[in-house]
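S.K.: Residue numbers (our numbering): 3 to 47. We put the CB at the ideal spot given by N, CA and C, even for glycine. None of these values were measured; they are calculated from a predicted model. Sending over a structure as structure tokens; questions will come in a sec.
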Amino acid sequence: MIAAGIIAAVVFVLALSRSAGLADRKMEEIYRLSAAGEAGGMNGN
């Protein structure tokens with residue numbers, strides 16, 4: 003029973019870190035796009 007709890011915790015942590023990594027990558031992409039937009043590289047303003 004304890005092993006099942008440990009496995010569940012490990013799976014939960016892995017899923018959490020994976021989703022955090024995806025969010026981090028998405029934020030980085032948004033930041034890069036907004037930085038390029040502010041520099042006038044994206045929309046040509």
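By Cβ distance, which residues of its chain are closer than 7 Å to Leu-18, with the 5 residues on each side in sequence left out?
M.R.: Excluding positions up to five away in sequence, the list is empty.
S.K.: Roughly how many whole angstroms lie between the Cα atoms of Ile-32 and Met-3?
M.R.: Each residue's Cα considered, the two are about 43 Å apart.
S.K.: Ordered along the chain, which non-local residues of its own chain (more than five positions away) have a Cβ less than 7 Å from that of Ala-6?
M.R.: Hits under 7 Å: none found.
S.K.: Leaving out five residues on either side along the sequence, give the residues of the same chain with a beta carbon under 7 Å from the beta carbon of Gly-23.
M.R.: Nothing listed; no residue qualifies.
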